[in-house]
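Residue numbers (the working numbering), protein chains in the order written: chain A, 1 to 198; chain B, 1001 to 1564; chain C, 2001 to 2345. For each residue, glycine too, the CB sits at the ideal point set by N, CA and C. These figures come from a predicted structure and were not determined experimentally.
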Amino acid sequence: MSSIPVGHPLRNVEWNLPSKRRVGMTALIVGESAIFTIFVIAYVFYTGKSLTGPTPAQVLEIPILATICLLSSSITIWRAEKAIEDDRIGSFTFWLGLTIALAAVFLRGTALEWKKLIYQDGLTVSTNLFGTTFYSLVGLHATHVVVGLFLLTSVFIFSLFGWVDSRQSERFGVIALYWHFVDAVWIVVFTVVYLIGR
Amino acid sequence: MSDYPLTVSHVIDQSTPTSERGTLLEKLHGWVVTVDHKRLGILYILYSTFFLLVAGAEALMIRLQLAYPHIHVLSAQVYNRFFTMHGTTMVFLVGMPFLFGFANYIVPLQIGARDMAFPRLNAFSFWLTAFGGLLLYYSFLGGAGLYGVGNAPDVGWFAYAPLTERSFSPGHATDYWALALIVSGFGTLGTAINIIATVISMRCKGMTLMRMPLFTWLLLVVSMLTLVTITPLTAAQFMLLIDRYLGGHFFDTQAGGSSLIWIHFFWIFGHPEVYVLVLPAFAIANEVIPVFCRKAIFGYPAMVAASVAIMFVSLSVWAHHMFTVGMTSVSNAFFTLSTMLVGVPTGIKIFNWIATLWGGRIRFTTPMLFCIGFLFQFLIAGLTGIMLSVSPWDWQLHNSYFVIAHFHYVLVGAIVFCIFAGIYYWYPKATGRLMNETLGKWHFWLFVIGFHITFDTMHFLGLLGMPRSIYTYQPDRGWNLLNLVVSIGGLIQGIAVLIFAYNFIVSCWRGEVAGDDPWDAWTLEWATSSPPPVYNFEEEPEVHSRRPLWDLKHPDDPDWEYES
Amino acid sequence: MQTLRAQSLIRRSSGAAWLLLTGPMLIAQGTTPSTLAPASTPAHQIFDLSIFVVAITGGIFLVVGGLLAVALYRFRARKTDPMAEPAQIYGSTQIELAWTVIPVLIVVVLFLTTARIIFAIQDVQKPTTALDVTVIGHQFWWEFRYPKYGVVTANELHVPVSSDSAPKATFLKLTSADVNHSFWIPQLAGKTDLIANHVNTMWMDPRKTGLYLGQCAQFCGSQHAMMLLRVYVDTPEQFDAWIKSQAQPTQQGPAVEAGRNVFERQACMNCHTVSGTAATGRFGPDLTHLMSRATLASGAMDNTPANLREWIKSPDTFKRGALMPAMQLTDEQLDQVTAYLETLK
């Protein structure tokens, strides 16, 4: 079909479509958002309905440090994105490493929190409705952080070997998009679990 | 068959396809490791055809058991497994794979692309779906269940909690259900993401969104809907597994948990799911009907708008499956209204199809016959749907055979009919040979007669008070004759499907050679050889209207002069 | 009242619809639990509404289906057709607007008619003369409690008939002890689900005495199919007599002492209650007036001594999957306990 009638108005037209990688990741994010929404709905629905056991107000402490770390990691990863687009790989590696460190602090915070809840407060997934919904929702989020951490660490290692430059900036941008999603979910989870639900 | 200008010829590959060389093992290996969307599409369709026959056999056993009251073809426990597996199989292992299989094959061709956006994800998604299905069916073999049919799930395809909690469903039957569907659900999600990325990012030059074939448009809408449809089910199934294995209390009524929350989550999935199933059927009709009445689809922009409207409104109707759970009158009224409203864009589509036929020149080939059956049956299904949306009447009809009749009218009468139409229509493109028309007509007439004998009668069983999910019924309730009639219709449909299966297999070798464009159609897939070369098009096509081949065949009267 | 006038209007305008819906009654029998033979106000209201809906949807079917049939006939391809393609019509804004607006109007009419009935049935005020019944669903039997009378029974419900001069509605509270069930007597009312941890309400006012059949309408496990329902609509006198006798504890005769011992020692009392004795089990049906019921095992078989004995010996014979275990009684024990139960009138 390459014969276009002469004089057709659409000859030599620009043809730019959105990047398939970004579209794919956005679609994945929409699907994942639906999963999180269902877990959030369950959490909210069961607030105050536990028949026994510790309540959120009794055992939850607001994870301020962990939250600051996770949300700042969105800023650091954005700096890393800018760096890789400009081919400043040293800067990229630095900001990426900082992102990973902040994420690790967040995960450590979650781990310590859960240790306290399980061993000190006796709250497990089977204790009561609060336990079930809390560990499921926060755990689902933490799992997504772990996956993101795995992706970021892989890229970090590649960059240490010198395999990363601005030609991968779009691919890195897609990982960053996922990371921003994880942070946005944390904002929702944090608000629902630690602010409203207590 | 028409001759069109030679300008098209150089996008058609004339060389010998490489797949014809190699040993049998090499050929099989090629199919297992393929990432080619055409092969994956065929794999999906073969997979779903196989499970169509399996679930159809389950249905025939069910109907045999119900042909007379209190007979012992199947025991209660086995019957409950069969109807659970029949529903689960038909929705997840037949309906979804068929339609995603069609999407896989057709969409890249229709948009002039070389393959899907993520070929390896495509293959991964297929194998996930396939393994999910095999896991589900392994349940018949695995473990020592009652009466030798293993641990197949027996909780109904919607698996209401708390029946599915450990205390009421010990053993692994429910776990097979949940795990198999989680696995195949991830496969579905992968394909949906792939289709969206492909359609948004890989259209050929000149193909704006409003110039895409309606098949592709509808599959885009379906994929977007799938993202928010399958995921609630996956979430609920995770919750169920947490309850069953980690001592969670999501649906544990003893701990203050709620059965209703499962029901809500399930139907938040379950209702949009039926639109995920039916929109691709519309997609197929949108391709077949215009070609066989020789007219462009009437009201393309309205068809697009109606599809998008259905996508959004369908997310707001789910509780019409829950009119009897004790919601407030205001809630019941709301869902009655939203359900009636979703009927409006759906009805508009029917009107558009009739307007397409009007003034045309209708050729009653087998694919067209199936589409005509679809039109009548979908009209009736939509109207019985309106009846069910009237919540007080639904308080009688819910969970009765009237509902079964209604949804089989949609699933079989609309969707399966369109799937058959689509197979007869695109089989020549995929294999290079036409299916036999005479056998096709036998298939159609036997199937439509059997269909109506079964499902028309079934409405009356519901009106006479027969509930669903029962392995037998009392002989003094006046249901005996009607049940027998329903069962006989099932046998007739079975014979029709066997004729189809024979035609499907044998035409691969004995069918009439099709050529590139046996139907004289207008979308891009007919501008390449049958079957297409691996790379689809030698040069990326460039289009200027919704029917690129019409423009080529009618250079004096091209579509772009009429499209807004 | 407005509702009555609207109802009669609806009824008069739908002769054909009525015929279509009541045709199947020709093959139905007297005991058919048909939604088309309503005998109580909610069932009547639903039936009348359904006639109206069938009239409208039937009209739509005739118009649209007719147009489709005409199109297929008139525009079929003929050998005498010219070679050129037919005129390509891409759309028409006016026609498309018309067939968007008209369905929306139809929806509005249907919705308003429906909404009125929703509120009429669901939001009705409970009259002070109403009878209260609590229904608790079990796998696979029904527990009925009459709180004001202190009566507990199972599987067969008795309610008084209602008439315009002496209205007597029955209001039911429904919940479940285990999984989801659904209470459905088509001639008396739409179905309502029984859900654990959740109380639903429904009502009925049967207009004619007699026996009405129904069954559980929400899949609840292996013997869902045999969780049957019998509702006896009694005259006020019959109902009074019935409820009075149900409220009495059993009279303990010495002749069946052996059987009563079997009942208590072989652990029947762990699950069953016989009021006036030591048996206060709640897992299974109350057996205090077992012999006042026409069937056993929620309708699975007729209440005869032979069936009763066989049921106790091996429940699997009638209802495989029922939660009553076979208690491994000897023949002598079976005879004794059956004789005992036969005295529980």
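- Membership of leucine 1025(B) in the alpha helix (DSSP H) is indicated by the continuous run 1024-1032.
- Threonine 110(A) does not reach chain B, its nearest Cβ partner there being about 18 Å away, counting only Cβ pairs nearer than 9 Å.
- Within chain B, no C-beta atom comes less than 7 Å from the C-beta of glycine 2276(C); the nearest is roughly 31 Å away.
- Between alanine 2294(C) and glutamate 2237(C), the alpha-carbon positions lie close to 20 Å from each other.
- For threonine 132(A), the nearest beta carbon of chain B is closer than 8 Å to its own beta carbon.
- Between leucine 1446(B) and isoleucine 1499(B) a beta carbon distance of about 7 Å is seen, short of the 8 Å cut, so the two are scored as contacting.
- Taking 8 Å as the threshold, the shortest C-beta distance from alanine 1235(B) to chain A falls below it.
- Counting only runs that start and end inside the segment 2092-2146 of chain C, the beta strand (DSSP E) elements of at least 3 residues fall at 2131-2138, 2141-2146.
- Nearest Cα to methionine 1090(B) within the set Leu1181(B), Met1303(B), Thr1356(B), Ile1242(B): Leu1181(B).
- Assigned with DSSP and collapsed to three states, asparagine 2200(C) falls in strand.
- If you compare the alpha carbons of Ala2225(C), His2272(C), Ser2163(C), Leu2290(C) with that of valine 2233(C), the shortest gap goes to Ser2163(C).
- Judged by their CB atoms, glycine 1041(B) and glycine 1101(B) are nearer to each other than the 8 Å cut-off.
- Counting only the Cα atoms, glycine 1030(B) lies some 13 Å from histidine 1037(B).
- Under the Cβ distance rule, lysine 20(A) counts among the residues neighbouring chain B, one pair being separated by less than 8 Å.
- When DSSP states are grouped into helix, strand and coil, glutamate 2332(C) belongs to the helix group.
- Annotation: asparagine 2303(C) to phenylalanine 2140(C) spans about 17 Å, alpha carbon to alpha carbon.
- Between the C-alpha atoms of threonine 47(A) and valine 1317(B) there is a straight-line separation of about 26 Å.
- The alpha-carbon separation between valine 189(A) and valine 40(A) amounts to approximately 7 Å.
- In the three-state DSSP reduction, arginine 1477(B) falls in the helix class (H, G or I).
- Measuring C-alpha to C-alpha distances from alanine 1178(B) to each of Leu1189(B), Leu1482(B), Tyr1160(B) identifies Tyr1160(B) as the nearest.
- If you check the CB distance, valine 1342(B) and valine 1308(B) do not come in under 8 Å.
- At least one beta carbon of chain B lies nearer than 8 Å to the beta carbon of isoleucine 35(A).
- Taking one beta carbon from each stretch, the segment 1413-1429 of chain B and the segment 1345-1360 of chain B have fewer than 3 pairs nearer than 8 Å; the two do not touch.
- Contact note: alanine 1285(B) does not reach chain A at a C-beta cutoff of 8 Å; the least C-beta distance is about 26 Å.
- Contact holds between the segment 2038-2054 of chain C and the segment 1384-1397 of chain B, because three or more Cβ pairs, one in each stretch, are under 8 Å apart.
- For arginine 2207(C), the three-state secondary structure derived from DSSP is coil.
- Tyrosine 119(A) and histidine 2198(C) have their C-alpha atoms some 34 Å from each other.
- With 16 or more neighbouring CB atoms inside 10 Å of its own CB, glutamate 2156(C) falls in the buried class.
- Take alanine 1059(B), set aside five residues on each side of it, and the residues of its chain with a beta-carbon closer than 6 Å to its own are His1086, in chain order.
- Shortest Cα-Cα distance from valine 1032(B) to any of Trp1127(B), Asn1104(B), Ala1067(B) involves Trp1127(B).
- Put simply, of Ala2217(C), Thr2192(C), Gln2187(C), Cys2220(C) the residue whose alpha carbon is nearest the alpha carbon of threonine 2209(C) is Gln2187(C).
- The residue among Ala2177(C), Ser2222(C), Phe2111(C) with its C-alpha nearest the C-alpha of phenylalanine 2318(C) is Ser2222(C).
- Under the 8 Å criterion on CB atoms, asparagine 1151(B) is classed as non-interfacial with respect to chain C.
- The alpha-carbon separation between alanine 2120(C) and glycine 2065(C) amounts to approximately 34 Å.
- Residue range 2181-2183 is occupied by the beta strand (DSSP E) that includes serine 2182(C).
- Here glutamine 2215(C) is buried: its Cβ has 16 or more other Cβ atoms, across all protein chains shown, within 10 Å.
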